[in-house]
Amino acid sequence: MGEIVRFVSKSELEKARLIREARAIYDSIFPPAVPERAPRDGEERLKN
Numbered sequence: 009m010g011e012i013v014r015f016v017s018k019s020e021l022e023k024a025r026l027i028r029e030a031r032a033i034y035d036s037i038f039p040p041a042v043p044e045r046a047p048r049d050g051e052e053r054l055k056n
């Protein structure tokens, strides 16, 4: 079967690049939250 090739305009590529760059800056300022892990045997869960 033939493949479908999608045309992506320069403006769309630039928009995606700017979004990636902005997200990287945001993540450097506000690091993503680390999910809480379940306590292991013998450990108590710490309360914040």
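All residue numbers for the sequence shown refer to the working numbering, where the first residue is 9 and numbers rise by one.
Virtual Cβ for every residue (Gly too), placed ideally from N, Cα, C.
Fair warning: this is a prediction, and the values are worked out from it, not measured in the lab.
Limits of the unbroken alpha helix (DSSP H) element including residue i
i: glutamate 22; result: 18–37
Alpha-carbon to alpha-carbon, residue j and residue i
i: glycine 10; j: isoleucine 33; result: 40 Å
i: lysine 18; j: arginine 28; result: 15 Å
i: leucine 21; j: proline 39; result: 26 Å
i: arginine 31; j: arginine 25; result: 10 Å
i: aspartate 35; j: phenylalanine 15; result: 30 Å
Close Cβ partners of residue i (< 8 Å) along its chain, the five nearest in sequence each way excluded
i: valine 13; result: none
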